[in-house]
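Engineer: Have a look at this one.
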Amino acid sequence: MESSLRVQVAQRGVITLPKKIRENNKLKQGDIYTVIDLGKGVLALVPYNPRIDELADSIGDALREKGETLESMLKLLREIREKRGDSRTPKNLS
Numbered sequence: 008m009e010s011s012l013r014v015q016v017a018q019r020g021v022i023t024l025p026k027k028i029r030e031n032n033k034l035k036q037g038d039i040y041t042v043i044d045l046g047k048g049v050l051a052l053v054p055y056n057p058r059i060d061e062l063a064d065s066i067g068d069a070l071r072e073k074g075e076t077l078e079s080m081l082k083l084l085r086e087i088r089e090k091r092g093d094s095r096t097p098k099n100l101s
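For what it's worth, the working numbering labels the leading residue of the sequence shown as 8, then goes sequentially.
This is the structure in structure tokens:
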């Protein structure tokens, strides 16, 4: 399967996932997913799990209370990866 396929945002923000993606990932009508905005136009689609969302919200709240932002955490992640020589940081998040 291709690693990237084009989709178009339709009226009211509707995106139809290609059949190959739906079949390969066993996506069914009625399944619920969480869309995570990673910034700079990058989105992640993950299966909805209320416990994970609750945990993520509590971690996010704690980090915001300490003054952390997505940008500051991504900067720290890039610095750590750079020190380790890890090149996995996507170019569009640099």
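Quick reminder that beta carbons are idealized off the backbone N, C-alpha and C, glycines included.
1) Starting from residue 44 and walking both ways along the alpha helix (DSSP H), at which residues does that stretch end?
2) Just to confirm the assignment, what range does the beta strand (DSSP E) spanning residue 50 have?
3) Closer than 8 Å by C-beta to residue 44: which residues in its own chain qualify, once you throw out the five before and the five after it? Chain order, please.
4) Which one or two residues does DSSP pair with residue 16 in a beta bridge?
5) Express the C-alpha separation of residue 63 and residue 69 in angstroms, rounding to a whole number.
Structural biologist: Let me lay it out:
1) Counting along the chain, residue 44 falls outside any alpha helix (DSSP H), though it belongs to the beta strand (DSSP E) covering 40–46.
2) 49–54
3) 50
4) 22
5) Looking at the two C-alpha atoms, the distance is approximately 10 Å.
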